[in-house]
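Residue numbers (the working numbering): 39 to 480. Yeah, the Cβ is synthetic: ideal placement off N, Cα and C, and Gly gets one too. In this text, all values refer to a predicted model and were calculated from it rather than measured experimentally. Structure record follows, encoded as structure tokens.
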């Protein structure tokens, strides 16, 4: 037996089994250490196979004599129904052709409301695709939470009781203040209070100076007073870059507050805004950020205004010179970060059988022996000697002690044995011949 990734493969019939065999049994597993019989196939017991087939709806056992390989399709005659169950017909049990009629399926779908309208078919009918009225009376569309988008849904189990959904866009509903719109993603429930209301804003836009009584605001539309200090907010640029967990969000004034958790790439030594305290977003950074390629071979200065998340995946033009796992080919990938350099090529070397090539991925060492096996008897050139199956691919013809039976160019009987070489050896019998001038006989 030969070990494979999925089990143990028989060198004769190539059948793969998950369990390692502990006893020598015949192919049908009835006899232990079956005796060799010239009239039977090798490794068989000569009894009826009796195995059950893998086909789930076949209850008949194999009636052939013990044999290698899978059992042939069942030939018993059975009464089978078509895919929709409307008609029946007597067919072979092992037949692969599906029995179908011309009627509509009519089976109940998963919604338990509608019936399948496909033509008679084999297998599941699938989910119901009918567009139904759900949630909103006399409408076939469902509105999102913010009321801007709508969609059609299919009548299946997942849509039962669904009336609203999130469209993924910005809500943009008017807040309680009546002046600003909600900046959250389409959501359920109320939108909340305005982040610019006088009760919530207690500091200047940069957050360093607390507002005084003289700077009190009466409405969310009033401008937030600036302080004379430098803004100093952290920007998204700087070097070197690393991946950190960020649990902040930004309100309408640009002031940080607690929010949802997310992962983003932030610098260890970030740049800071050098403008005076201001409202809104900080202007673009005029500096540059040192970006390292993913393999660590290249460092490049990129203007911060051009810096995007793609800079985290910057690649250089250096080719990897390491050898692949096969030990024969080099990687040659640009900016390679692979640890195991797996070779994608096929081995394709000629196997020892001389007839087939190795179809495994390029590998180290010698190729495995050819796994193909013949179940035909292998005779010598004259047919006197024979090798009984299974015969591994590449096996030479059996040796034979009888004289060669091939036709020869001379009249002398052959003195060499039967052989498998394409040409016979030269005749070694001494004969009398004239010289070139035909004067003497030698």
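Same chain, Cβ closer than 7 Å to residue i, neighbours up to 5 away in sequence not counted
i: residue 83; result: 64, 66, 68, 69, 72 and 104
i: residue 467; result: 450
i: residue 388; result: 395
Separation of residue j from residue i, as counted between CA atoms
i: residue 345; j: residue 355; result: 20 Å
i: residue 156; j: residue 127; result: 21 Å
i: residue 150; j: residue 144; result: 12 Å
i: residue 77; j: residue 115; result: 31 Å
i: residue 447; j: residue 460; result: 15 Å
i: residue 58; j: residue 456; result: 42 Å
i: residue 311; j: residue 249; result: 21 Å
i: residue 497; j: residue 106; result: Outside the shown range of the chain, which is 39 to 480, sits residue 497, and nothing can be said about it.
i: residue 45; j: residue 222; result: 55 Å
i: residue 382; j: residue 330; result: 28 Å
i: residue 181; j: residue 212; result: 18 Å
i: residue 173; j: residue 191; result: Summary for residue 173: the model assigns pLDDT 43, below 50, so the residue's position carries little reliability, and this model does not support an answer.
i: residue 317; j: residue 245; result: 11 Å
i: residue 161; j: residue 62; result: 41 Å
i: residue 185; j: residue 332; result: 44 Å
8 Å Cβ shell around residue i - same chain, five flanking residues per side excluded
i: residue 97; result: 90
i: residue 379; result: 358, 360, 361, 362, 363 and 369
i: residue 454; result: 441, 442, 462 and 463
i: residue 113; result: 130, 131 and 132
7 Å Cβ cutoff met for residue i and residue j
i: residue 218; j: residue 232; result: yes
i: residue 205; j: residue 187; result: yes
i: residue 444; j: residue 458; result: no
i: residue 242; j: residue 264; result: yes
i: residue 138; j: residue 164; result: no
i: residue 224; j: residue 207; result: yes
i: residue 215; j: residue 258; result: yes
i: residue 322; j: residue 343; result: yes
i: residue 402; j: residue 365; result: yes
Local Cβ density within 10 Å of residue i, reported as buried at 16 or more and exposed below that
i: residue 327; result: buried
i: residue 424; result: exposed
i: residue 271; result: buried
i: residue 276; result: buried
i: residue 239; result: buried
i: residue 341; result: exposed
i: residue 375; result: exposed
i: residue 79; result: buried
i: residue 372; result: exposed
i: residue 262; result: buried
i: residue 234; result: buried
Cβ neighbours of residue i in the same chain (closer than 6 Å, five flanking residues each side left out)
i: residue 431; result: 391, 408 and 410
i: residue 274; result: none
i: residue 236; result: 255
Closer than 6 Å: residue i CB and nearest the ligand NAD heavy atom
i: residue 257; result: Inclusion of the ligand NAD in the displayed structure is not the case, the ligand content being empty and no account of it being possible.
Which parts of the stretch 341-400 are runs of the alpha helix (DSSP H), unbroken and 4 residues or longer, counting only runs that do not cross its ends? Segments of the alpha helix (DSSP H) lying fully in the stretch 341-400: there are none.
Segments of 3+ residues assigned as beta strand (DSSP E) that fall wholly inside the stretch 86-155: 115-119 and 126-130
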